[in-house]
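There are 2 protein chains.
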Amino acid sequence: MVQSQGPESLTIGQLAAGGNVGVETIRFYQRKGLLDTPTRESGIRRYGSEDLRRLRFIRQAQAAGFTLEEIRELLELDAGEDRSRARELARRRIQALDAKIAEFNRARDALQRLATECGAGGKGPCPILASFDV
Amino acid sequence: MVQSQGPESLTIGQLAAGGNVGVETIRFYQRKGLLDTPTRESGIRRYGSEDLRRLRFIRQAQAAGFTLEEIRELLELDAGEDRSRARELARRRIQALDAKIAEFNRARDALQRLATECGAGGKGPCPILASFDV
DNA sequence: ATAGGTTCCGTACCATGGTACAGAGTCAAG
DNA sequence: CTTGACTCTGTACCATGGTACGGAACCTAT
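Quick note, the sequences are listed as chains A and X, same order.
Each residue of the first sequence is one higher than the last, beginning at 1 in the working numbering.
Each residue of the second sequence is one higher than the last, beginning at 1001 in the working numbering.
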């Protein structure tokens, strides 16, 4: 096992574990420009807590529905001066999220209806298609 | 222009238009077993309102987060007798939807925070990563 | 009867977000 | 000083959900 040398000197495997992703995913993000590839003093590259923070951000942002490409832009923006662009991206995404949340709630209702009707002890097939005919 | 002959005799193009998808998408769904491929009396296949209903169901179910594979199963179930299986799928999906809705709400809050902090007229970069550090 | 828009069928290609090697190098513990 | 775990680089492959295209057949209005 590779021994830890503090939070500022993680191997790629430790970084991956810390972000709950596979090593290959880290490399994939590096190729996409989402994480940078540190220079190496020895044969092995070392990562710090900032990398871990970025990695975790990526996963959060993904969960918020951002694409990797959008996340790449957000990461650039985080360092830059363009406040309006960041606000714009956030605003758009909030709208998309609101739409999705509403849609999911409608779907939830339809499924609830389905589960109820289907559980009502009747016989024959469940009216699956019908349960979505709003 | 191809003339309509009533709701029970749609061309693939009309079906596609009615379901708000492209013709190629219909064919794709046919290949995947989500829609069936009617026999043709003449050189051109004809579709009916039941096909349109299935097509619309597919889009609804997709919006509810079902994969095409799951949708295929739902469509089979709709005709069959296995009420418990359908209920099970619905139940699982409701749980997944609830989780997603909660996640999206959290993300929404983070983005709202970001937009606010970022819009507060300060100078320098927005604390994008920080806004997701819960 | 011919031109145009559709349809048919097969196959190829695309984006997104990874995942899986192979072969060589590195590193730490025993 | 070897062994075993881990890393590095490059390239290939995967699933999902489509989208595009070529060439032939078809169908309808003129």
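All C-beta atoms, glycine included, are put in the ideal place defined by N, C-alpha and C.
Quantities reported herein were computed from a predicted structural model and do not represent experimental measurements.
- Query: Does the pairing of the segment 1049-1056 of chain X with the segment 1007-1027 of chain X give three or more beta-carbon distances under 8 Å?
  - Reply: yes
- Task: Give the C-beta separation of Cys118 (chain A) and Arg1056 (chain X) to the nearest angstrom, bearing in mind that I take them to be a contact with Cβ-Cβ under 8 Å.
- Result: Position 118 of the first sequence holds residue 118 (chain A). Position 56 of the second sequence holds residue 1056 (chain X). With a Cβ gap of about 20 Å, Cys118 (chain A) and Arg1056 (chain X) do not count as contacting.
- Message: List, in chain order, every chain X residue whose beta-carbon is nearer than 9 Å to that of Asn105 (chain A).
- Response: Within the first sequence, the letter at position 105 stands for residue 105 (chain A). By Cβ distance, chain X contributes Leu1097, Ile1101.
- Query: Between the C-alpha atoms of Gly19 (chain A) and Gly1018 (chain X), what's the straight-line distance to the nearest angstrom?
  - Reply: Looking up residue 19 (chain A) in the first sequence gives position 19. Looking up residue 1018 (chain X) in the second sequence gives position 18. Computed Cα separation, rounded: 45 Å.
- Task: Identify whether Leu114 (chain A) lies in helix, strand or coil by the three-state DSSP scheme.
- Result: In the first sequence, residue 114 (chain A) corresponds to position 114, counting from 1. Leu114 (chain A) falls in the helix class under three-state DSSP.
- Beta-carbon proximity check, Leu89 (chain A) vs Ala64 (chain A), cutoff 8 Å: Counted from its first residue, the first sequence places residue 89 (chain A) at position 89. Counted from its first residue, the first sequence places residue 64 (chain A) at position 64. No; because the gap between Cβ atoms is not below 8 Å, this pair is not in contact.
- Cutoff 8 Å: Glu1081 (chain X) Cβ touching any chain A Cβ: Along the second sequence, one-based indexing puts residue 1081 (chain X) at 81. Closer than 8 Å: yes.
- Item | Straight-line Cα distance separating Gly1122 (chain X) from Ile94 (chain A) | Taking the first sequence and counting its residues from 1, one reaches residue 94 (chain A) at position 94. Taking the second sequence and counting its residues from 1, one reaches residue 1122 (chain X) at position 122. Distance between the alpha carbons of Ile94 (chain A) and Gly1122 (chain X): 22 Å.
- Which residues does DSSP pair with Tyr29 (chain A) in a beta bridge? As a first step, residue 29 (chain A) must be located in the first sequence, where it is residue number 29. Answer is none; Tyr29 (chain A) lacks a bridge partner.
- Message: List, in chain order, every chain X residue whose beta-carbon is nearer than 9 Å to that of Arg91 (chain A).
- Response: Taking the first residue of the first sequence as 1, we reach residue 91 (chain A) at position 91. Correct list: Leu1111, Ala1115.
- Query: Going along chain A, which residues have a C-beta under 7 Å from Gly1119 (chain X)?
  - Reply: Position 119 of the second sequence holds residue 1119 (chain X). In chain order: Arg87.
- Query: If you measure from the CB of Arg1045 (chain X), is any heavy atom of the ligand ADP nearer than 7 Å?
  - Reply: In the structure shown, the ligand ADP is absent, as is every other ligand, since no ligand is present at all.
- Query: Within 8 Å (strictly less), CB to CB, does Gln30 (chain A) reach chain X?
  - Reply: Counting from 1 along the first sequence, the entry for residue 30 (chain A) is found at position 30. Gln30 (chain A) has a beta carbon lying at 8 Å or more from every beta carbon in chain X.
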